[in-house]
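Engineer: Per numbering that gives the first Met the number 0, the very first residue in the sequence shown carries number 0; after that it's consecutive. A virtual CB, placed ideally from N, CA and C, is assigned to each residue, including glycine.
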Amino acid sequence: MIHRRTDYLPPAFIVEQVMLDVHVAAQTRVTARLSMRRAPDVAASPGLRLDARALTVQSVALDDQVLDPREWSLSETELCISRVPDTFTLTTVTLLAPEANTALEGFYQSGPMFCTQCEAHGFSRITPYLDRPDVLSKFTVRLQADARRFPVLLANGNCIDKGPLGDGQHFAVWEDPFAKPCYLFAMVAGDLARVADSYRAADGRDIALEFYVDHGNEDRVDHAMASLKDAMRWDEERFGLVYDLDVYMVVAARAFNMGAMENKGLNIFNAAYVLATPETATDESYHAISAVIAHEYFHNYTGNRVTCRDWFQLSLKEGLTVFRDQRFSEDHLGGAVQRIEQVRMLRAAQFPEDAGPTAHPVRPDAYQEVNNFYTATIYEKGAEIVRMLHTVIGPDAFAKGLRRYLAEQDGKAATIEDFVDALSAAASTDLTPFLAWYAQAGTPQLRLTRAWDATTRKLLLRFTQHTPPTPGQPDKQALPIPIRLRLRTQRGQVVPLPPHADALGDELILMRGEALTLELDADDPLLPSVLLGFSAPVKLLADYSLAELQGIAAFESDPFVRWDTLQTLHARAHAGLMDGDRSALHALLAALQRVAAEPVDMPMLTAHLLSLPGIAWLWDQYREVHPQRFLDAYAQLGRAIAEALCGPLSVWAPNAPITADHAGERALSNVALGYLARLGSDSVQRMADERVVGPNMSLSIGALRALTHHSDAAVPAAAMQRFAARWHEDALVMDRWFALAAGGPQVDAAALAALIDHPQFDWRNPNRVRAVLGSFASGALQGFHTEAGYRAYADGIAKLDTLNPQTAARLLKPLLGFKRLAEPWAATQRQVVTELRARVQSTDARELLDAALT
Ligand code: B3K
Ligand code: ZN
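(1) Is the beta carbon of Leu49 sitting closer than 7 Å to the one on Leu78?
(2) Of all the alpha helix (DSSP H) runs that stay within the bounds of the segment 581 to 610, which reach a length of 4 or more residues?
(3) In the DSSP assignment, what are the bridge partners of Cys307?
(4) If you scan the segment 736 to 781 from start to end, which runs of the alpha helix (DSSP H) of 4 or more residues do you find wholly inside it?
(5) Among Thr564, Arg4 and Met35, whose alpha-carbon lies nearest the alpha-carbon of Val83?
(6) Return the bridge partner residues of Trp173 from the DSSP annotation.
(7) With a threshold of 6 Å, establish whether the CB of Asn370 neighbours any heavy atom of the ligand B3K.
(8) Whose C-alpha, out of Arg769, Pro558 and His585, is nearest the C-alpha of Ala546?
(9) Closer than 7 Å, CB to CB, is Thr428 near chain B or not?
(10) Taking Trp726 and Met733 to be in contact with their CB atoms under 8 Å, please state how far apart those CB atoms are, rounded to whole angstroms.
(11) In chain order, what residues of the same chain have a beta carbon less than 6 Å from the beta carbon of Ala201, not counting five sequence neighbours either side?
(12) Alpha carbon to alpha carbon, how far is Arg456 from Ile482?
(13) Identify whether Cys181 lies in helix, strand or coil by the three-state DSSP scheme.
(14) Which of the three DSSP states is assigned to Met0 in this structure?
(15) Gly857 by DSSP, collapsed to three states: which one?
(16) Which word fits Gly381, buried or exposed, when buried means at least 16 other C-beta atoms lie within 10 angstroms of its C-beta?
(17) Please determine whether the Cβ atom of Thr320 lies at a distance below 6 Å from any heavy atom of the ligand ZN.
(18) The beta strand (DSSP E) spanning Gln472 covers which residue range?
(19) Quick one: residues in its chain with C-beta nearer than 6 Å to the C-beta of Ala438, no 5 flanking neighbours on either side, listed in chain order?
(20) Quick check on the DSSP output: the beta strand (DSSP E) that includes Gln108 runs from which residue to which?
(21) Look at Glu70 and Thr842 and say whether their C-beta atoms are less than 7 Å apart.
(22) Output the distance between the C-alpha atoms of Asn695 and Ala270, rounded to the nearest integer angstrom.
(23) Just the C-alpha distance for Ala60 and Phe149, rounded to the nearest angstrom, thanks.
(24) Decide if the segment 457 to 466 is in contact with the segment 424 to 434; the criterion is three or more beta carbon pairs, one per stretch, under 8 Å apart.
(25) Would Ala185 and Ile267 qualify as a contact pair, given that the criterion is a beta-carbon distance under 7 Å?
(26) Please tell me whether Lys538 and Gln444 are closer than 7 Å, where the distance is taken between their beta carbons.
(27) Any heavy atom of the ligand ZN closer than 6 Å to the CB of Glu383?
(28) Between Glu235 and the ligand ZN, is the CB less than 6 Å from at least one heavy atom?
(29) Cβ of Glu317 versus every heavy atom of the ligand ZN: is any distance shorter than 6 Å?
(30) Any heavy atom of the ligand B3K inside 6 Å of the beta-carbon of Met344?
(31) Closer than 6 Å: is that where the CB of Met248 sits relative to any heavy atom of the ligand B3K?
(32) What does a CB cutoff of less than 8 Å around Leu731 pick up in its chain, not counting 5 residues either side in sequence?
(33) Short of 8 Å in beta carbon distance, which residues of its chain neighbour Arg178, apart from the five on each side in sequence? Order them along the chain.
(34) Between the beta-carbon of Leu315 and the beta-carbon of Phe418, is there less than 7 Å?
(35) Give the range of the alpha helix (DSSP H) segment to which Asp688 is assigned.
(36) Compute the Euclidean distance between the alpha carbons of His169 and His22, then round it to the nearest angstrom.
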């Protein structure tokens, strides 16, 4: 069934109050009492239809009168009651089997607990309900369970009663004073350890902060706890937003389909985004934990207090909340490096999506399975749109506008227009032209051409934009594009921009239509640095010569543009290597040598500047990829850089302090080790070998990665064995091991099959499945891009689809890029995908496969 945005109708019923009585056990009984009334002004029909996804409903009562089974009917998706009065109480009794729930939506088992995941439609897998985000209600939940198996009983809000019962049972009653949509409902019953702290809020209240983790992990919560406090403080200081309940709980689950979930007052997290010590988690994990903790906390306002009218508005909460967590990370970890990491991720995940078969607008027009729309487009591109609005109106007007939006919409389900209108009003600027960014899929290409006339001494800069067609959107319109730019003389001196009607600041111009021209007097051709700080999510196509790119990489002070210019040089060098032309490679090496010769003030930045570009981004530079030639050129590029930078790399590689504040040194050491390992020296191998089992996980993972470049495959294999011997009992660390084992350059289909047969592989744990399948498709490209590789991967997806369609659909995407592969890969992959289409059952997988096959 296709859901369309323009079909929106307001709900026909209002739910005043929800009372849930849940007897938790292998067979869980949920009694729901819904106080309902007909919505005014909505065309009335006599009956009531509630969403009920694959439910076993035992009984239905209306105003406490049990209904005859002829008065209601139950399908795989709905509970229909033929006749209801205008105001009534509906009571349903539903039976659940959490241990059999492998989809991890609704109520399911994760290790020593049962927990929920309700966004987007998990609540109607628990009890019949109006499972849509614009139905807000107050919830009271009574949980009862065996006190020994489930000593911890949690739900949203505040605990108002609890105690023992007969027969070894106990109970707890939770009341959430805030009306909420059911996707924010959560409950947890389990045997978990509690780590508690408190936070003094800006209004003087002490908020209890409670983390619930597996027993034995209590010492791994410090970083997440500190991050939570930082996030709470930041939202108070930046936006005046103070936490609104007395307790904030975070539960760490072993089995979780995504990163985390912002349920009101009771976040449920993938344990990978909670648990960390320097011995067990990398610096990247530390950063990801603080970003996800902040993200879910920020949802308490952007998402929970103000939610979405319908799922087409998903980016209203997700794009905005990603932007907020990005700003938080910039403030805590430094804007320069953060911006590079954000753009790196956008280009690796979102740009290819925008250029592929599943391209969709940030506000989609239609979907079959909404879980397929939790994408980089909705999240990361959505955040870029919010960032452009922030850039155009400035931070003060943005803060005012956000507060205005939250005040106007508090307790309501809003639309993207509501948000843009509030910002427009606060800034006294009409931002509605930016709504086109939400409606149009595809990455705009921003072309820059220059003409300098040596006799008239006039320089003409001309920007034009073009967005290539995407599925279902053949014709594109021009979008407003904020362009931050800076002009320099050939010697690096900054020259002011000429006056322009659409200038928004000294270095900022808003491109409003198809083209923008700047004309100025200039004694030399000048060198423009464009998209400072990546001021818009576009692909820049500029007419720079190699020498000019070297010039920008040398002189530009904007770290993003410097890094971006090096990326462009990498791309040109890589393309040259595929054609046997080394001129761009030489320009790149010269630019990198210059970076390497500078004093290292910010090692993390130097590490980024010197890193090889990610494969996903480089791949996306080509209309059609010949995997073998692509990978050969990539390997050549890595070796050439290693040879050219050998001197400084050898200085940095040994510098690997293990204390927390030296993440940058570790990153640089790992980059250096990775390059040097390509040269195959014994001393480097010894250095890496020593780090494989050491006191710091960032260094261990960096060392294992470096060793994969060793010419003798027995060397990395032995290191992996030592690592596994040390960590085999630690699930999160073993996920890293599986990811390395599946994503190494030498891994083929047979090695993938062996990993799936590994005794510690588990189809029911998404982290483990992602570590193996996901890493194979993104890392083991040589092995993936073979017929056997495609087939082994598709077999994995088909199997997963029967257990966990949501995660299967996410992992499916590497198989959908065949239109941009050279032959024979294209035909082979298409054939495998066609066969897979006939095997999968879920709407999730079918929707994506159909998009790729049309
Ligand atoms: N809102 C959740 C994601 C839910 C995904 C459902 N398939 C996490 C987040 O974005 O914060
Ligand atoms: Zn989110």
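Structural biologist: Per the coordinate set shown:
(1) For the purposes of this step, residue 49 is identified with residue 50 of the sequence shown, where counting begins at 1. For the purposes of this step, residue 78 is identified with residue 79 of the sequence shown, where counting begins at 1. In this structure, Leu78 lies closer than 7 Å to Leu49 by Cβ.
(2) 582 to 596 and 602 to 609
(3) To locate residue 307, count along the sequence shown from 1; it is residue 308. BP columns for Cys307 point to Ala413.
(4) 748 to 755, 765 to 768 and 774 to 778
(5) In the sequence shown, residue 83 corresponds to position 84, counting from 1. Cα-wise, what sits closest to Val83 is Met35.
(6) Taking the first residue of the sequence shown as 1, we reach residue 173 at position 174. Beta-bridge pairing links Trp173 to Val140 and Cys158.
(7) What you label residue 370 is simply residue 371 of the sequence shown in a count that begins at 1. For the ligand B3K, at least one heavy atom lies less than 6 Å from the Cβ of Asn370.
(8) Along the sequence shown, one-based indexing puts residue 546 at 547. For Ala546, the nearest C-alpha among the options comes from His585.
(9) Given the protein chain composition of this structure (a single chain), no chain B is represented.
(10) Start at 1 with the first residue of the sequence shown, and residue 726 comes out as number 727. Start at 1 with the first residue of the sequence shown, and residue 733 comes out as number 734. About 6 Å; that satisfies the 8 Å criterion.
(11) Locating residue 201 in the sequence shown gives position 202, where the first residue counts as 1. Taken in chain order, the residues that qualify are Glu235 and Val241.
(12) For the purposes of this step, residue 456 is taken as the residue at position 457 of the sequence shown. For the purposes of this step, residue 482 is taken as the residue at position 483 of the sequence shown. Rounded to whole angstroms, Arg456 and Ile482 show a C-alpha spacing of 24 Å.
(13) Counted from its first residue, the sequence shown places residue 181 at position 182. Helix, per DSSP.
(14) Working through the sequence shown from its first residue, we reach residue 0 at position 1. Residue state, collapsed to three classes: coil.
(15) Given a span of 0 to 853 for the chain in the structure shown, any question on residue 857 remains unanswerable.
(16) The residue you call residue 381 lines up with position 382 of the sequence shown. So Gly381 counts as buried.
(17) If you number the sequence shown from 1, residue 320 lands on position 321. Flag set: Cβ of Thr320 near the ligand ZN.
(18) The sequence position of residue 472 within the sequence shown is 473, counting from 1. Where Gln472 is concerned, there is no enclosing beta strand (DSSP E), given that its DSSP letter is neither H nor E.
(19) Counted from its first residue, the sequence shown places residue 438 at position 439. Cβ neighbours of Ala438 beyond the five flanking positions: Pro360.
(20) One-based indexing of the sequence shown puts residue 108 at position 109. Residues Gly105 to Ser109.
(21) Here residue 70 refers to the residue found at position 71 of the sequence shown. Here residue 842 refers to the residue found at position 843 of the sequence shown. When the beta-carbon positions are compared, Glu70 and Thr842 stay at least 7 Å from each other.
(22) To locate residue 695, count along the sequence shown from 1; it is residue 696. To locate residue 270, count along the sequence shown from 1; it is residue 271. Using only the alpha carbons, I get a separation of about 19 Å.
(23) Here residue 60 is taken as the residue at index 61 of the sequence shown, counted from 1. Here residue 149 is taken as the residue at index 150 of the sequence shown, counted from 1. So the alpha carbons of these two residues sit roughly 30 Å apart.
(24) Inter-segment contact for the segment 457 to 466 and the segment 424 to 434 is absent: fewer than three beta-carbon pairs are separated by less than 8 Å.
(25) As a position in the sequence shown, residue 185 is number 186, starting the count at 1. As a position in the sequence shown, residue 267 is number 268, starting the count at 1. Closer than 7 Å, so yes.
(26) Here residue 538 refers to the residue found at position 539 of the sequence shown. Here residue 444 refers to the residue found at position 445 of the sequence shown. Yes, the Cβ-Cβ distance between Lys538 and Gln444 is below 7 Å.
(27) For the purposes of this step, residue 383 is identified with residue 384 of the sequence shown, where counting begins at 1. Glu383: no, Cβ never under 6 Å from the ligand ZN.
(28) Translated into positions along the sequence shown, residue 235 becomes position 236. Result no, Cβ not under 6 Å from the ligand ZN.
(29) The count along the sequence shown starts at 1 and reaches residue 317 at position 318. Glu317 Cβ: within cutoff of the ligand ZN.
(30) Within the sequence shown, numbered from 1, the residue matching residue 344 stands at position 345. No heavy atom of the ligand B3K is found nearer than 6 Å to the CB of Met344.
(31) For the purposes of this step, residue 248 is taken as the residue at position 249 of the sequence shown. Flag unset: Cβ of Met248 not near the ligand B3K.
(32) Taking the first residue of the sequence shown as 1, we reach residue 731 at position 732. The residues are Ala270, Ala271, Leu274, Thr279, Ala280 and Asn766.
(33) Working through the sequence shown from its first residue, we reach residue 178 at position 179. As written in the sequence, residue 178 is Ala, which differs from the Arg given in the question. If we look at Ala178 and ignore the five residues flanking it on each side, its Cβ neighbours are Leu135, Ser136, Lys137 and Gly410.
(34) Position 316 of the sequence shown, counted from the first residue, corresponds to residue 315. Position 419 of the sequence shown, counted from the first residue, corresponds to residue 418. Contact flag set, yes.
(35) In the sequence shown, the residue the question calls residue 688 occupies position 689. Where Asp688 is concerned, the enclosing alpha helix (DSSP H) stretches over Asp681 to Val691.
(36) As a first step, residue 169 is located in the sequence shown; it is residue number 170 there, counting from the start. As a first step, residue 22 is located in the sequence shown; it is residue number 23 there, counting from the start. Rounded to whole angstroms, His169 to His22 spans 10 Å at the Cα level.
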